[in-house]
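A quick write-up on the structure given underneath.
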Amino acid sequence: MRPGDPYTLDSRALTYLKLGNLDAAIADYDTALSAKPELDSALYGRGLAKRRTGDADGAERDIAAARAVNAGIADVFARYGVQ
């Protein structure tokens, strides 16, 4: 209903991440971040997805950027059951 909304895309990306659809998760996180580059949850989620695809360097960059915005972002994702 709100196709370009970064928060909607972030939520859908989290769902894809939890389902293991990593390409779709990364694509939605990318789109969310193009609209809102400092969105900590999108940075962190994309980092986790990249880690699962084997992109360790990209994962660490995204995770570090997310933690710079929100030091407790890992705790937020742990509550969602994603680590």
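Each residue of the sequence shown is one higher than the one before, starting from -4 at the first, in the numbering used here.
The beta carbon of each residue, even a glycine, is placed where N, CA and C say it ideally should be.
These figures come from a predicted structure and were not determined experimentally.
- A direct Cα-Cα distance of roughly 11 Å separates aspartate 5 from alanine 19.
- With a threshold of 16 other beta carbon atoms within 10 Å, proline 32 falls short and is exposed.
- Apart from sequence neighbours up to five positions away, the residues of its chain that approach leucine 9 with a beta-carbon distance below 8 Å are Ala20, Ser36, Gly40, Tyr75 and Val77, ordered along the chain.
- Secondary structure remark: continuous alpha helix (DSSP H) runs of at least 4 residues inside the region 30 to 70, in chain order: 35 to 48 and 51 to 64.
- With fewer than 16 other Cβ atoms from the protein chains shown falling within 10 Å of its own Cβ, leucine 14 counts as exposed.
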